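Protein sequence lines, in the order shown, are assigned to chains A, B and C.
Here this note's numbering is used: the first residue of the first sequence is 1, the next is one more, and so on.
Here this note's numbering is used: the first residue of the second sequence is 1, the next is one more, and so on.
Here this note's numbering is used: the first residue of the third sequence is 1, the next is one more, and so on.
C-beta: ideal position from N, C-alpha, C; glycine also.
None of these values were measured; they are calculated from a predicted model.
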Amino acid sequence: MSAIPLTTATTPVRTELVEVPSRVGERFDPSSSSGQAKLSTNGERGRALGSAGRHRQGLSDRALAWLFIGPTVLLLLAFNIFPLLWTIWLSFTNYRANRPGADVLWVGLGNYARVLNDEAIWENMRATAHFLCFSITLQLLLGFGLALMLNRRFKSHSFWSTAILLPMMLAPAVVGTFWKYFFEPQYGIFNYIVGFFGGRGSFTMLGDAQLSPWAIVLVDTWMWTPYVMLLLLAGLRSIPPYLYEAAEIDRASEWTKFWRITLPMVMPFIILAVLFRLIENFKMFDLVDQLTNGGPGSVTELASIKLKREAFEKWRTGYSSALAIILFVAIYGLSLVTVRFLDRVKQR
Amino acid sequence: MKSTMHSPLEPTPRAKAFAGIVVIGYALISLIPLVWILMTSFRTPQDAIAYPPQVLTQPSLIGYVNLFTTRSRVGAQELAALPPPVTWYEGLVREQQMIVAGPSRFADRYLNSVLIGFGSTFLSVLLGTLAAYAFSRFRVPGKDDLLFFILSTRMMPPIAVAIPVYLMYRAVGLSDTHLGLILLYTVVNLSLAVWLLKGFMDEIPREYEEAAMVDGYTRFQAFVKVVLPQAATGIATTAIFCLIFAWNEYAFALLLTSGTAQTSPPFIPTIIGEGGLDWPAMAAGTTLFLLPVLVFTVLLRKHLLRGITFGAIRK
Amino acid sequence: MKSLNRRSTLAAALLAALGLASGAAQAQTRQLTLCWAAWDPANALVELSKDFTAQTGVQMKYEFVPWPNFAQRMLNELNSKGKLCDLLIGDSQWIGSAATEGHYIQLNEFFDKNGIKMSDFMPATVEGYSTWPKGTKNYWALPAMGDAVAFTYRKDWFARPELQAEFKSKYNRELAPPATWDEFKQIGQFFQNRTIDGKKVYGAALYTERGSEGITMGVTNVMYAYGMQYDNPKKPYDMKGFINGPEAVAGLKFYKELFDCCTPPGHSNAYMTEDLDSYKSGQVAMQMNFIAFFPGIAKDPNVGGEKTGFFTMPKAKIAAAQLGGQGISVVKYSDKKELALEYIKWFAQPAVQQKWWDAGGFSCHNAVLSKPGFEKSTSYAPVFLDSMKIVKDFWQEPSYAQLLLAMQKRTHDYVVAGKGTPQEAMDGLLKDWTEVFKEDGKIKP
Numbered sequence: 001m002s003a004i005p006l007t008t009a010t011t012p013v014r015t016e017l018v019e020v021p022s023r024v025g026e027r028f029d030p031s032s033s034s035g036q037a038k039l040s041t042n043g044e045r046g047r048a049l050g051s052a053g054r055h056r057q058g059l060s061d062r063a064l065a066w067l068f069i070g071p072t073v074l075l076l077l078a079f080n081i082f083p084l085l086w087t088i089w090l091s092f093t094n095y096r097a098n099r100p101g102a103d104v105l106w107v108g109l110g111n112y113a114r115v116l117n118d119e120a121i122w123e124n125m126r127a128t129a130h131f132l133c134f135s136i137t138l139q140l141l142l143g144f145g146l147a148l149m150l151n152r153r154f155k156s157h158s159f160w161s162t163a164i165l166l167p168m169m170l171a172p173a174v175v176g177t178f179w180k181y182f183f184e185p186q187y188g189i190f191n192y193i194v195g196f197f198g199g200r201g202s203f204t205m206l207g208d209a210q211l212s213p214w215a216i217v218l219v220d221t222w223m224w225t226p227y228v229m230l231l232l233l234a235g236l237r238s239i240p241p242y243l244y245e246a247a248e249i250d251r252a253s254e255w256t257k258f259w260r261i262t263l264p265m266v267m268p269f270i271i272l273a274v275l276f277r278l279i280e281n282f283k284m285f286d287l288v289d290q291l292t293n294g295g296p297g298s299v300t301e302l303a304s305i306k307l308k309r310e311a312f313e314k315w316r317t318g319y320s321s322a323l324a325i326i327l328f329v330a331i332y333g334l335s336l337v338t339v340r341f342l343d344r345v346k347q348r
Numbered sequence: 001m002k003s004t005m006h007s008p009l010e011p012t013p014r015a016k017a018f019a020g021i022v023v024i025g026y027a028l029i030s031l032i033p034l035v036w037i038l039m040t041s042f043r044t045p046q047d048a049i050a051y052p053p054q055v056l057t058q059p060s061l062i063g064y065v066n067l068f069t070t071r072s073r074v075g076a077q078e079l080a081a082l083p084p085p086v087t088w089y090e091g092l093v094r095e096q097q098m099i100v101a102g103p104s105r106f107a108d109r110y111l112n113s114v115l116i117g118f119g120s121t122f123l124s125v126l127l128g129t130l131a132a133y134a135f136s137r138f139r140v141p142g143k144d145d146l147l148f149f150i151l152s153t154r155m156m157p158p159i160a161v162a163i164p165v166y167l168m169y170r171a172v173g174l175s176d177t178h179l180g181l182i183l184l185y186t187v188v189n190l191s192l193a194v195w196l197l198k199g200f201m202d203e204i205p206r207e208y209e210e211a212a213m214v215d216g217y218t219r220f221q222a223f224v225k226v227v228l229p230q231a232a233t234g235i236a237t238t239a240i241f242c243l244i245f246a247w248n249e250y251a252f253a254l255l256l257t258s259g260t261a262q263t264s265p266p267f268i269p270t271i272i273g274e275g276g277l278d279w280p281a282m283a284a285g286t287t288l289f290l291l292p293v294l295v296f297t298v299l300l301r302k303h304l305l306r307g308i309t310f311g312a313i314r315k
Numbered sequence: 001m002k003s004l005n006r007r008s009t010l011a012a013a014l015l016a017a018l019g020l021a022s023g024a025a026q027a028q029t030r031q032l033t034l035c036w037a038a039w040d041p042a043n044a045l046v047e048l049s050k051d052f053t054a055q056t057g058v059q060m061k062y063e064f065v066p067w068p069n070f071a072q073r074m075l076n077e078l079n080s081k082g083k084l085c086d087l088l089i090g091d092s093q094w095i096g097s098a099a100t101e102g103h104y105i106q107l108n109e110f111f112d113k114n115g116i117k118m119s120d121f122m123p124a125t126v127e128g129y130s131t132w133p134k135g136t137k138n139y140w141a142l143p144a145m146g147d148a149v150a151f152t153y154r155k156d157w158f159a160r161p162e163l164q165a166e167f168k169s170k171y172n173r174e175l176a177p178p179a180t181w182d183e184f185k186q187i188g189q190f191f192q193n194r195t196i197d198g199k200k201v202y203g204a205a206l207y208t209e210r211g212s213e214g215i216t217m218g219v220t221n222v223m224y225a226y227g228m229q230y231d232n233p234k235k236p237y238d239m240k241g242f243i244n245g246p247e248a249v250a251g252l253k254f255y256k257e258l259f260d261c262c263t264p265p266g267h268s269n270a271y272m273t274e275d276l277d278s279y280k281s282g283q284v285a286m287q288m289n290f291i292a293f294f295p296g297i298a299k300d301p302n303v304g305g306e307k308t309g310f311f312t313m314p315k316a317k318i319a320a321a322q323l324g325g326q327g328i329s330v331v332k333y334s335d336k337k338e339l340a341l342e343y344i345k346w347f348a349q350p351a352v353q354q355k356w357w358d359a360g361g362f363s364c365h366n367a368v369l370s371k372p373g374f375e376k377s378t379s380y381a382p383v384f385l386d387s388m389k390i391v392k393d394f395w396q397e398p399s400y401a402q403l404l405l406a407m408q409k410r411t412h413d414y415v416v417a418g419k420g421t422p423q424e425a426m427d428g429l430l431k432d433w434t435e436v437f438k439e440d441g442k443i444k445p
């Protein structure tokens with residue numbers, strides 16, 4: 001933190017104090033909307049308190065807290081908690097959204113049993129796990145490598161770092177559609193380029209049951225490596241230089257410096273990157289849906305694509321709600337574990 | 001690549017050169033698809049599906065024209081009987097033996113995206129800033145749990161959230177409305193906004209507000225006059241991320257909108273030409289759709305890097 | 001840059017026009033919105049309907065959605081009781097659901113009052129597009145677009161003397177449109193990986209789409225031809241031995257053989273648009289597609305005219321083709337039902353039906369179809385007539401979507417992903433469908 005904010009912050013305060021006396025004596029009305037907050041009581045009382053360095057407590061602070069947090073919590077309750085509870089309720093019924101007039105029967109854990117016993121769902125989970133595992137690993141490796149390189153601040157590095165960001169600015173659905181075009185064996189450039197560099201040009205990334213899981217990993221990595229890179233670069237920049245200087249003095253080798261300084265200091269950021277990519281890719285829908293439709297067969301049918309089909313194409317609302325809850329619990333559990341790990345790492 | 005070292009002292013010129021080569025190499029490779037999309041937007045539909053792929057083709061604006069118009073095919077005699085084309089785009093369309101039948105939905109969808117994207121970004125940043133400040137400064141009961149709860153709202157797959165929201169909107173008549181989608185995006189972005197902004201707020205020393213309040217400001221005035229200006233970077237960064245999400249969102253827009261409030265992402269992959277997908281028009285749509293986000297990000301790119309680090313890491 | 005200025009002027013002009021248009025539309029209440037899929041016939045209907053506007057002064061607005069998203073978007077709309085569509089030209093498979101849930105209004109009374117007789121329309125289309133329950137006299141739509149799956153082929157390639165000679169010496173018959181599926185396979189293999197005019201070409205473009213209904217619309221043609229039936233004709237919903245019987249299995253197996261031997265690389269997720277792309281770019285000798293696209297293909301600058309011919313589905317045990325086509329219905333939630341019915345009344349007139357055919361639509365009216373000289377009116381008219389005689393349809397049950405999606409999964413898993421055996425695929429499908437019907441109460445658990 002530089003000294004600059006100090007001066008800019010304090011200067012306006014000083015000049016405006018000149019106008020304060022004219023409003024001294026008005027009461028602060030906690031119930032007025034935040035836009036109309038007025039100076040409360042009188043500056044002298046403030047100064048008396050202020051001489052001890054304490055800031056003001058009391059009604060205005062608490063009221064402000066509620067005012068500031070209130071709308072957020074309310075909206076989240078309305079759009080997250082309420083739907084979550086509704087989904088839970090739906091998961092215990094056989095409701096179908098396309099037959100609103102039909103009788104709604106309570107089926108207890110019936111939907112959950114069906115979901116967990118359905119072999120197809122486990123295939124979806126395997127496909128999702130494969131996708132998560134490999135895309136996150138690749139993005140970490142590439143992102144970290146790029147961040148390390150960018151941190152050397154070669155000439156024009158800031159231009160290229162922005163250029164690398166481009167893929168993640170596209171809409172994932174559009175990315176999926178265009179990579180379908182690129183992977184087309186006849187007129188797409190992927191096969192063309194691979195063939196150019198000596199590989200066999202006659203494969204079908206999207207049509208081959210062995211290759212298509214890798215196709216989705218590839219496209220996701222292309223799109224989100226910049227994000228991981230950015231995160232890790234910030235982490236690298238936050239490492240205090242004196243640590244390295246001390247290591248230099250101790251004649252530590254490059255590898256030691258990396259292993260004992262860089263990696264541990266960046267670890268919280270790495271975990272954070274894993275956390276956010278995990279959450280996002282577990283929910284991944286648009287990109288894969290446009291790219292493969294879950295095919296060939298159901299080889300790339302991720303859990304969220306299955307969910308969409310059950311909920312919005314087959315309209316089995318009760319069943320799909322159960323599936324949604326199960327997925328939610330899975331991500332929640334994984335995130336909890338990751339965040340605990342993050343806290344432990346931060347403690348060091 | 002992974003085992004190269006980070007040196008705090010100035011890296012050697014050789015190290016820098018190596019880094020440069022690696023990064024520029026990666027950037028160029030990863031930009032090939034984007035450049036190809038841009039080039040495709042200037043091809044004719046036939047050239048776009050030529051096999052083997054042609055790198056250089058006769059440039060044409062037919063993609064952009066197709067993007068903004070609907071056309072219908074006419075027979076050869078009817079074509080000959082028509083008066084000569086008035087505008088340059090009508091001329092291009094006539095070459096394909098079609099006539100312009102009217103504007104397409106793209107402009108509509110683009111405007112919807114602007115409205116809904118910027119609207120929800122504004123709201124989520126506004127509410128997020130307020131909430132983040134409160135979490136940062138005040139003693140809120142159950143703060144950590146509340147914060148995790150806020151993060152967890154991001155964990156439901158959008159499809160899952162869409163089921164009850166779809167039913168809810170159907171009941172209150174918010175289906176296919178701008179307001180409905182704005183509200184939903186605001187809420188989804190709120191969790192990210194609160195987390196990011198809290199981190200920024202945490203970094204701003206409390207001393208400044210306290211000094212201001214000692215001088216007679218209320219908490220709220222201190223917030224507005226002291227804290228907000230310093231949080232400008234954080235707010236800008238948060239706004240970028242919220243906008244990118246709202247701008248590019250697909251699942252909710254697909255399931256909860258149709259004719260009136262549909263945004264561009266569900267629309268672009270469905271741009272059909274004469275029977276087949278109109279790749280040049282889709283590429284044109286993609287390029288135009290990317291521009292605002294690109295401009296926004298480039299302008300604010302300095303803040304982006306600084307903004308990624310937030311309170312989750314700092315003590 | 002000049003082009004940049006022009007582009008922004010164009011955009012601005014279009015936006016202004018849009019603004020004016022929507023403003024004008026709002027000011028006028030005599031307006032109808034018609035929803036259909038975004039394809040060639042829809043454009044033809046737009047032209048045709050200008051007549052209606054001229055006659056009645058009612059403005060027509062259109063909502064056209066590309067096929068892969070059409071079902072989901074429209075069913076979503078109906079389920080939300082949306083008011084977007086006044087008239088909906090819905091797929092034949094939606095009839096059951098739309099009738100049961102009350103999305104469409106029943107048209108019997110309207111027909112009787114206005115002298116519209118269902119006997120004036122081709123029986124297969126009445127049964128397929130209008131009635132629910134199937135075969136009864138409850139009418140929920142007017143047959144609007146007759147359609148079935150058939151083939152186009154490169155007549156110019158078939159006519160090449162060197163190819164004809166080679167084919168004859170290999171298979172001992174003329175290189176001509178196939179009459180049976182075995183003949184089809186031979187032709188496919190003949191063209192597969194052959195070089196014509198310096199480019200490598202392939203046998204056929206078939207339906208293999210995973211997402212909406214593509215592969216089902218392709219595979220059923222072969223399965224029907226091999227004798228497959230969905231259920232026991234004497235006992236509805238009794239499917240064991242029928243959907244997973246030997247005919248079905250043989251048909252599915254043959255479709256996979258065709259996919260493996262005779263399709264272009266990367267043709268693993270293809271439906272109407274991809275098949276069109278393949279054919280128009282000169283990649284394939286034969287193309288499976290809905291007859292609705294044939295007028296557009298015939299006019300195509302690259303492959304149209306004399307270069308293209310058409311043939312109906314080949315046969316195996318029997319001749320059969322998958323039914324396409326739609327009927328036009330009035331949406332119950334519309335505020336303009338009376339106006340919408342006016343449109344249907346106009347559309348049902350024989351004179352309009354004739355213009356519909358001439359414009360590229362596929363009329364189902366007997367007056368048009370049995371007119372002398374109909375067969376010669378276009379190059380694809382005979383194929384249309386012949387195909388409509390042999391059509392069979394998929395389930396039209398209210399839960400048709402579940403049945404369809406199950407079949408999509410099972411057949412794609414086997415045909416494209418190569419998973420398991422055809423018998424296993426069909427057995428799996430039987431299990432899926434039994435579950436659906438049990439949930440519906442059509443089968444006692």
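- Under the DSSP definition of a beta bridge, C/Pro143 partners with C/Gly327.
- Fully enclosed alpha helix (DSSP H) runs of no fewer than 4 residues occupy 246-262 of the segment 232-271 of chain C, in order along the chain.
- In the structure shown, the three-state DSSP call for A/Lys257 is helix.
- Between B/Ile272 and C/Ala37, the CB-CB gap reaches or exceeds 7 Å.
- When C-alpha distances from B/Arg14 are compared across A/Pro268, A/Phe154, A/Ser135 and A/Phe68, the shortest belongs to A/Phe154.
- For C/Lys280, the three-state secondary structure derived from DSSP is helix.
- Just so you know, the alpha carbons of C/Phe347 and C/Gln353 end up roughly 7 Å apart.
- As the crow flies, the alpha-carbon of A/Trp86 is around 14 Å from that of A/Leu76.
- Against chain B, the beta carbon of C/Arg73 has neighbours under 8 Å at Ser258, listed in chain order.
- Using beta-carbon distances, B/Trp36 counts as an interface residue toward chain A, with a partner under 7 Å.
- Contacts with chain A at 7 Å (Cβ-Cβ) include B/Lys16.
- Taking 8 Å as the upper bound on Cβ-Cβ separation, chain B lies near residues Met272, Thr273, Glu274, Leu276, Asp277, Lys280, Ser281, Gln283 and Phe293 of the segment 271-294 of chain C.
- Residue-level contact check: A/Pro240 does not touch chain C, since none of the beta carbons of chain C fall below 7 Å from its beta carbon.
- Residues of the same chain with a CB within less than 6 Å of the CB of C/Asp156, apart from the 5 flanking positions on each side, are Lys307 in chain order.
- Residues of the segment 233-248 of chain B with a C-beta less than 7 Å from any C-beta of chain A: Ile244 and Asn248, listed in chain order.
- For A/Asn293 against C/Arg210, the beta-carbon gap comes to about 4 Å, under 8 Å, which counts as contact.
- Per DSSP, reduced to three states, the secondary structure at C/His103 is coil, with no helix or strand assignment.
- Excluding residues up to 5 positions away in sequence, Tyr112, Val115 and Leu116 lie with their Cβ nearer than 8 Å to the Cβ of A/Ile326 in the same chain.
- DSSP, read as helix, strand or coil, puts B/Asp215 in coil.
- Listed along the chain, the chain A residues whose CB falls inside 7 Å of the CB of B/Leu31 are Ala163 and Leu166.
- Three or more beta-carbon pairs separated by less than 8 Å are not found between the segment 180-198 of chain B and the segment 326-342 of chain A, which leaves the two stretches without contact.
- Between the alpha carbons of A/Val329 and A/Gly101 lies a distance of about 31 Å.
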